[in-house]
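Peer 1: I'd like to ask some things about the structure below.
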Amino acid sequence: MIPFKNVTLADRPVIERFTLSGECENTALSFDNVWDGRHETNARYAIVEGMLVFRFETDGRFTYSMPLGRGNLRFALMQMMEDADTMRMSCRLSGLTEKDIDAVKTAMPGYYAFEEENGADCDVKKYRAVPLTNYTNSIFFNNEGMVPPP
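Residue numbers (my numbering): 0 to 149.
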């Protein structure tokens, strides 16, 4: 299980090291926005494989952010999937950009389906990634526990 921590003011430098690097296009992941909504979403964070990951709770379900940073995306996603599995939930990603979708497809081909999120209040379209439950059209067919090589 990933050791997620509550977001505190002392964590600002750690979080901003990832969010202010110029690679994060999701303004919802800025420290100020996460800090403001931490009680409503039970926001927690962790550094996984050298990447920043947030976990939010909405309507009794957990949703993960796109991992931010220059670590190994495939391994970060695999650990996120294990974390979700230990809670008997699926590893849903939220707030993805089109660039994020390409990165997830490359790291985990055939694992996620992507859909546009409703209610986006900014100019950039946001998407969510939902794990496929029917693997017949993916590389997981007949071997659902297998994670594809990079």
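Quick reminder that beta carbons are idealized off the backbone N, C-alpha and C, glycines included.
(1) Using only alpha-carbon positions, find the residue among Ala9, Phe3 and Ser93 that is nearest to Thr26.
(2) Taking the alpha-carbon of Met50 as reference, which of Phe74, Arg60 and Arg87 has the nearest alpha-carbon?
(3) For Met0, which residues of its own chain have a beta-carbon under 6 angstroms away from its beta-carbon, when the five flanking residues on both sides are left out?
(4) Apply the 10 Å Cβ neighbour rule to Asp31 and answer buried if 16 or more other Cβ atoms are within range, or exposed otherwise.
(5) State the Cα-Cα distance for the pair Ala102 and Asp58, rounded to the nearest angstrom.
(6) Less than 8 angstroms between the beta carbons of Phe3 and Arg54, yes or no?
(7) Look at Arg91 and Thr62 and say whether their C-beta atoms are less than 8 angstroms apart.
(8) Which partner residues does Arg60 have in the DSSP bridge list?
(9) For Pro12 and Ser89, I'd like the C-alpha separation in whole angstroms.
(10) Can you name, in chain order, every residue of its own chain whose Cβ lies under 6 angstroms from the Cβ of Arg69, other than the five neighbours on each side?
(11) Would Val33 and Ala42 be called neighbours here (beta carbons separated by less than 8 angstroms)?
Peer 2: In short:
(1) Looking up residue 26 in the sequence shown gives position 27. For Thr26, the nearest C-alpha among the options comes from Ser93.
(2) In the sequence shown, residue 50 corresponds to position 51, counting from 1. Of the candidates Phe74, Arg60 and Arg87, the one whose C-alpha sits nearest the C-alpha of Met50 is Phe74.
(3) For the purposes of this step, residue 0 is taken as the residue at position 1 of the sequence shown. Same-chain partners within the cutoff: Asp82 and Thr85.
(4) Here residue 31 refers to the residue found at position 32 when the sequence shown is read from its first residue. Result: exposed.
(5) Numbered from 1 along the sequence shown, position 103 holds the residue referred to as residue 102. Numbered from 1 along the sequence shown, position 59 holds the residue referred to as residue 58. In a straight line, the C-alpha of Ala102 is about 28 angstroms away from that of Asp58.
(6) Here residue 3 is taken as the residue at index 4 of the sequence shown, counted from 1. Here residue 54 is taken as the residue at index 55 of the sequence shown, counted from 1. Yes; because the gap between Cβ atoms is below 8 angstroms, this pair is in contact.
(7) For the purposes of this step, residue 91 is taken as the residue at position 92 of the sequence shown. For the purposes of this step, residue 62 is taken as the residue at position 63 of the sequence shown. It is a contact, given that the beta carbons lie within the stated cut-off.
(8) Walking along the sequence shown from the start, residue 60 turns up at place 61. Per DSSP, Thr57.
(9) Translated into the one-based positions of the sequence shown, residue 12 becomes position 13. Translated into the one-based positions of the sequence shown, residue 89 becomes position 90. Their backbone Cα atoms lie some 30 angstroms apart in a straight line.
(10) For the purposes of this step, residue 69 is taken as the residue at position 70 of the sequence shown. Correct list: empty, nothing qualifies.
(11) Taking the sequence shown and counting its residues from 1, one reaches residue 33 at position 34. Taking the sequence shown and counting its residues from 1, one reaches residue 42 at position 43. Closer than 8 angstroms, so yes.
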